[in-house]
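Numbers in the UniProt record's numbering are just positions in the sequence shown, counted from 1, shifted up by 2. We treat Cβ as the ideally placed atom computed from N, Cα and C, and that holds for glycine. Data first, discussion second: the structure below is written as structure tokens.
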Amino acid sequence: QVKNVAVLVGSLRKESINRKIALALADLAPSSIKLEIVEIGDLPLYSEDIDVTPPAAYQAFREKIKAADAVLFITPEYNRSVPAALKNALDVGSRPYGQNAWSGKPGAVISASPGAIGGFGANHHLRQSLVFLNVPCMQQPEAYISNAGNIFDENGKLAERTQSFLQSVIDAYADWVLLQLRTHG
Ligand code: FNR
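Dropping the structure here:
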């Protein structure tokens, strides 16, 4: 049956390139997986004090991650690292201690930037946290989308070259999810 993938977009911007890539990937995804964005913009900054009585936003977020079969991160790079909103979402999902919602969910990281480095720094800083959170991450193909300011035309259509690359990424990711769930699920 179809595996549900929670998509985490690292930008809160309405016109976010990364969000557009997430939506494009949802269309390109093979029928074995279904992508759905889980919003992170309404999560209060994590504090153990407020988590004594978890805000409704924390609870709803944790439930959505726990209910998902897999997780896919699509993020810009902020100052060569992970945007705070996305790191906050990782932290919220990791608690309370011993109830890490991310654990065992097959993952992948895609980064995109209008710059030339394609969000490499964010991509790998994120992977560092995912090691600790026990998210088995697809290694290849790596996805650093550079010059991403130009990949959508004025009608919102994705450049052919980028589309075929993203197709190969999402196909490989679907295989990765099914393999992981068959082995460890
Ligand atoms: C950026 N940007 C950026 N780009 C990059 O390639 N490396 C970086 O370290 C940074 N740092 C950075 C910090 C902050 C605070 C902002 C707001 C932006 C530029 C960034 O890649 C660009 O704004 C993207 O368009 C953001 O992605 P979305 O929102 O389009 O998905």
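Cβ of residue i within 8 Å of any heavy atom in ligand 1?
i, result
"ALA150", "yes"
"ALA114", "yes"
"ASN136", "no"
"TYR99", "no"
"PRO78", "yes"
"GLY121", "yes"
To the nearest whole angstrom, what separates the beta carbons of residue i and residue j, a pair I think is in contact under 8 Å?
i, j, result
"GLU162", "SER115", "GLU162 to SER115, Cβ: 20 Å. No contact."
Is it true that the CB of residue j sits closer than 9 Å to the CB of residue i?
i, j, result
"residue 2", "LEU10", "Nothing in the structure corresponds to residue 2, since the chain is present only between 3 and 187."
"LEU135", "SER96", "yes"
"LEU168", "LEU160", "yes"
"residue 197", "ALA26", "The structure shown does not extend to residue 197, since the chain is modelled only from 3 through 187, so no value can be given for it."
"ILE147", "GLY123", "no"
"LEU183", "ALA72", "yes"
"residue 191", "ASP51", "In the structure as shown, the chain starts at 3 and stops at 187, and residue 191 therefore has no counterpart that could be examined."
Taking residue i as the reference, give the member of the options with the closest Cα.
i, options, result
"CYS139", "ASN157, ASN20 and ASP177", "ASP177"
"ALA110", "PHE63, ALA103 and LEU74", "LEU74"
"SER170", "ILE112, ALA70 and LYS66", "ILE112"
"ASP173", "VAL4, SER33, GLN3 and ILE23", "SER33"
"residue 1", "SER105, LEU88, LYS107 and HIS127", "Residue 1 lies beyond the range of the chain shown here (3 to 187); nothing can be said about it."
Does the distance between the C-beta of residue i and the nearest non-hydrogen atom of ligand 3 fall short of 8 Å?
i, result
"ASN157", "This structure lacks ligand 3; the ligands present are ligand 1."
Look up residue i in the DSSP assignment and say whether it is helix, strand or coil.
i, result
"GLY109", "strand"
"ILE147", "strand"
"GLU65", "helix"
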